[in-house]
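I have placed the structure first, in the form of structure tokens, so that the comments after it can refer back to it.
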Amino acid sequence: MTVTEQRGAYRPAPPPAWRPRKDAAPLLPDEEPYRLLGTGAELDEKLLRRLYEELVRGRRYNQQATALTKQGRLAVYPSSTGQEACEIAAALALREQDWLFPSYRDTLAAVARGVDPVEALTLLRGDWHTGYDPRTHRVAPLSTPLATQLPHAVGLAHAARLKGDDVVALALVGDGGTSEGDFHEALNFAAVWQAPVVFLVQNNGFAISVPLAKQTAAPTLAHKGVGYGMPGRLVDGNDAAAVHRVLTEAVERARGGGGPTLVEAVTYRVDAHTNADDATRYREDAEVAAWREHDPVLLLERELTGRGLLAEEDRRQAAESAERLAADLRNRMNEDAELDPMSLFEHVYARQTSQLREQAEQLRQELAAAEEADAQDTNDDGHRGEAR
Amino acid sequence: MSTAAAERRADGTAVRKPATMAQALNRAMRDAMAEDPTVHVLGEDVGTLGGVFRVTDGLTAEFGPERCTDTPLAEAGILGTAVGMAMYGLRPVVEMQFDAFAYPAFEQLVSHVSRMRNRTRGAMPMPLTIRVPYGGGIGGVEHHSDSSEAYYLATPGLHVFTPATVADAYGMLREAIASDDPVVFMEPKRLYWSKDADWDVNRPVAVPPAGQAVVRRRGTSATLVTYGPSVPVCLEAAEAAAEDGLDLEVVDLRSLVPFDDHTICESVRRTGRAVVVHESTGFGGPGAEIAARITERCFHFLEAPVLRVAGFDIPYPPPMLERHHLPGVDRVLDAVDRLQWEAEWTEGSTR
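Quick note, the sequences are listed as chains A and B, same order. full-length UniProt numbering puts the first sequence at residues 1 to 388. full-length UniProt numbering puts the second sequence at residues 1 to 351.
Below, the structure is given as structure tokens:
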């Protein structure tokens with residue numbers, strides 16, 4: 001048979017065993033970020049009031065924590081000013097039994113979920129790493145290595161589902177974090193296992209100084225969902241009502257066995273990366289000013305005012321609540337933490353090694369010697385005083 | 001004649017086939033899973049296939065795919081999700097298919113697994129076992145033969161176990177799985193098929209806990225300190241040395257963390273000479289730490305410097321050349337020869 005004859009017999013067909021695995025269209029995000037505020041949509045007024053009060057408190061918390069860095073009470077503070085809608089909505093979208101997996105910029109979400117504000121800042125104050133017991137409010141340790149907490153959220157949610165428990169994990173990550181390998185692996189595992197997880201990407205425009213354009217060539221970060229076979233939702237990250245609704249729907253979906261959702265919230269990091277950063281080196285003031293007009297607290301204020309729900313008394317109450325939070329934080333952070341150097345050797349292992357026992361003994365002796373020397377100095381001073 | 005018939009003696013009693021290390025490891029996981037429903041095995045090809053070395057053979061069939069799970073091919077994801085599972089109270093046993101395939105999981109191991117207990121002040125222990133088939137000698141091509149233990153033992157918060165016998169493979173894996181600390185369980189892959197006719201899979205013998213080194217061969221002339229795949233090499237070297245009138249002691253460390261200073265010092269103080277033997281590279285390798293510890297603790301008992309026989313400081317060689325790289329009997333014996341047996345200065349006027 002000639003080649004032409006063979007070709008003539010050939011019938012085009014897909015590769016053997018190939019079949020489309022899923023319809024991609026329903027997984028794609030909306031063309032524009034989903035919004036509720038200012039759209040005239042029907043909204044739960046009680047929720048709006050709650051969001052407002054929490055956002056006002058959150059803004060004040062960010063300001064106070066930043067001020068504490070200037071006073072030397074915090075080693076560093078990566079502020080979420082401008083991102084309070086995401087932080088608060090994330091905390092409020094979760095139920096009691098659910099878990100939150102924050103990154104280092106998400107102390108506010110942890111606090112909004114109930115973690116003690118001082119304990120939430122222990123890491124950034126520098127007296128220990130994780131200052132709170134993660135099991136109490138089901139808030140995982142603040143993760144500094146980017147996106148590495150995402151697979152933890154997947155594993156925890158997976159384990160809960162295997163056990164038959166109704167638990168959803170919500171993991172927070174930034175736009176920069178989506179470039180990390182762990183972001184990819186976590187989303188892939190979550191989708192393959194249909195784990196009850198929600199991934200919230202707070203796209204605040206910058207990874208320290210690097211803008212999104214240098215981070216990804218994707219149409220939107222929400223589009224990344226389709227590649228894993230999970231829906232990607234795009235939402236206005238400064239619209240607290242919209243973020244809350246999208247997250248609540250995603251949590252419900254996960255809870256009902258629908259699997260994971262990727263949510264991209266488009267927001268803006270109004271402050272620099274941390275107090276140690278200088279944002280004027282990589283962005284224009286005009287850009288910041290434009291975002292200040294789209295501020296999450298402002299958007300809520302406009303909505304509530306338009307609905308006649310924000311009396312002067314409401315503003316005053318929210319402001320007072322925020323001041324109490326800030327004053328409590330300030331007062332408690334101004335107390336020096338009592339640190340025990342010997343605690344360095346605690347909790348390294350369940351079963352202490354002989355090498356660590358030796359090293360602990362070495363430190364104990366050093367401390368004892370230092371204490372003795374201090375006492376000696378005091379005594380010497382005392383004697384000199386007498387001689388005079 | 002049927003196979004079953006061939007396995008019976010003339011009087012009808014069953015002939016027990018000698019158990020291999022791979023079978024002992026398999027049995028350890030099976031027994032742990034049967035006893036404790038929180039034990040979950042996960043990794044690449046560990047389910048239907050039973051693992052590329054068949055160490056997880058039959059676990060999915062017996063316990064179901066939720067207890068022994070074929071994961072996507074992503075080691076950071078495997079270990080990262082295992083961390084989350086441990087946070088929820090499970091006791092994951094993770095298989096890294098080969099030594100060098102574990103490197104993508106290194107960040108999870110170092111940044112989370114090793115320090116989660118510490119950073120949460122004991123609130124979140126990590127009862128994880130990370131099984132790593134390691135070392136050379138099986139003709140593996142590039143990236144299949146690394147001795148990666150130095151990375152792990154340099155990371156505070158991790159335990160590092162490495163069995164050299166069939167009995168230890170079972171006993172130490174059971175201990176690792178039961179441990180509330182994370183254990184990197186290094187399996188010498190060329191010993192997977194090593195056999196122990198005395199070890200009964202149905203009646204595993206108790207072994208000393210990790211952190212206790214075991215003297216595999218008593219001797220008086222010098223101490224060979226070793227672990228994992230180099231233990232049989234050292235035992236063979238000791239037999240060869242005996243023909244030359246040297247009586248070598250062989251100490252199997254069994255675990256690098258916890259590290260048993262006591263047994264090693266007791267041995268070296270008795271023999272006065274020591275050679276540390278391992279496959280891992282020598283520069284910055286485990287032998288550097290071991291030699292330093294011996295010198296610090298046994299200086300006045302030493303008749304010669306502590307020597308090391310290790311893999312060369314090169315990327316792991318291709319299989320056709322690996323025999324030149326791996327510490328073998330001859331290289332161990334050469335090192336023993338260099339232990340200043342006839343050094344006049346040790347007995348002369350200078351001392």
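Glycine residues also receive a C-beta, built at the ideal position from the N, C-alpha and C atoms.
- Using a Cβ distance threshold of 7 Å, Glu-185 (chain A) and Ala-34 (chain B) do not count as a contacting pair.
- For chain A, the residues of the segment 113–140 of chain B that bring a beta carbon within less than 7 Å of one of its beta carbons are Arg-117, Asn-118, Arg-119, Thr-120, Arg-121, Gly-122, Ala-123, Met-124, Pro-125, in chain order.
- For Ala-10 (chain B), the closest Cβ of chain A is not nearer than 7 Å.
- In this structure, Gly-211 (chain B) keeps its C-beta atom at 7 Å or more from the C-beta atom of Asp-261 (chain B).
- DSSP lists B:Ala-19 as the bridge partner or partners of Asp-196 (chain B).
- The CB of Tyr-88 (chain B) comes closer than 7 Å to the CB of Leu-156, Ala-159, Ala-160 in chain A, given here in chain order.
- Residues are counted here when their Cβ sits less than 8 Å from a Cβ of chain B; for the segment 198–230 of chain A the count is zero.
- When beta bridges are read from the DSSP output, Met-186 (chain B) appears opposite B:Val-132.
- Distance from the CA atom of Asp-330 (chain B) to the CA atom of Ala-237 (chain B), rounded to whole angstroms, is 7 Å.
- The criterion of a C-beta distance shorter than 7 Å is satisfied by Ala-147 (chain A) and Val-173 (chain A).
- If you look at Val-160 (chain B), you'll find it in the beta strand (DSSP E) that goes 159–161.
- In this structure Thr-60 (chain B) is buried. Its beta-carbon is surrounded by 16 or more other beta-carbon atoms within 10 angstroms.
- In the three-state reduction of the DSSP assignment, Val-348 (chain A) falls in the coil class, being assigned neither a helical nor a strand state.
- Counting along the chain, Leu-170 (chain A) sits inside the beta strand (DSSP E) bounded by residues 169–174.
- Ile-208 (chain A) is classed as exposed because its beta carbon has fewer than 16 other beta carbons within 10 Å across all chains shown.
- By the neighbour-count criterion, in which a residue is buried when 16 or more other Cβ atoms sit within 10 angstroms of its Cβ, Pro-102 (chain A) is buried.
- Non-local beta-carbon contacts of Arg-138 (chain A) in its own chain, meaning distances under 6 Å to residues more than five positions away in sequence, involve Trp-99 in chain order.
- Between Ala-91 (chain A) and Ala-120 (chain A), the CB-CB gap reaches or exceeds 7 Å.
- The segment 23–34 of chain A makes no contact with the segment 79–91 of chain A; the number of CB pairs closer than 8 Å stays below 3.
- Here Gly-227 (chain A) is not near Leu-27 (chain A), since their CB atoms are 7 Å or more apart.
- In this structure, the alpha-carbon of Thr-271 (chain B) lies about 5 Å from that of Ala-222 (chain B).
- The continuous alpha helix (DSSP H) containing Arg-57 (chain A) extends over residues 45–70.
- The residues Gln-108, His-112, Val-113, Met-116, Met-126, Leu-128, in chain order, have a CB closer than 8 Å to that of Val-83 (chain B) in the same chain once the five nearest residues on each side in sequence are set aside.
- For Glu-107 (chain B), the chain A residues whose C-beta falls within less than 8 Å of its own C-beta are Pro-145, Thr-148, Asp-182, listed in chain order.
- DSSP, reduced to helix, strand and coil, places Tyr-34 (chain A) within a strand of the structure shown.
- Checking the DSSP bridge columns, you'll see Arg-91 (chain B) partnered with B:Val-39.
- In this structure, the CA atom of Ala-311 (chain A) is about 36 Å from the CA atom of Val-198 (chain A).
- For Glu-66 (chain B), the nearest beta carbon of chain A is closer than 7 Å to its own beta carbon.
- Taking the beta carbon of Asp-45 (chain B) as reference, no residue of chain A falls within 7 Å; the closest one sits roughly 15 Å away.
- Cα atoms of Phe-183 (chain A) and Val-276 (chain B): separation of roughly 42 Å, rounded to the nearest angstrom.
- Only Val-257, Pro-258, Phe-259, Asp-260, Asp-261, His-262 from the segment 251–264 of chain B bring a Cβ to less than 9 Å from some Cβ of chain A.
- Not a single C-beta of chain B is nearer than 7 Å to the C-beta of Ala-90 (chain A).
- DSSP places Arg-283 (chain A) in the coil class of the three-state scheme, outside both helix and strand.
- Interface annotation, Pro-151 (chain A): in contact with chain B, CB-CB separation under 7 Å.
- If you draw a straight line from the Cα of Ala-326 (chain A) to the Cα of Gln-64 (chain A), it comes to about 6 Å.
- Nearest to Asp-146 (chain B) by C-alpha distance, out of B:Arg-338, B:Gly-311, B:Asp-334, is B:Gly-311.
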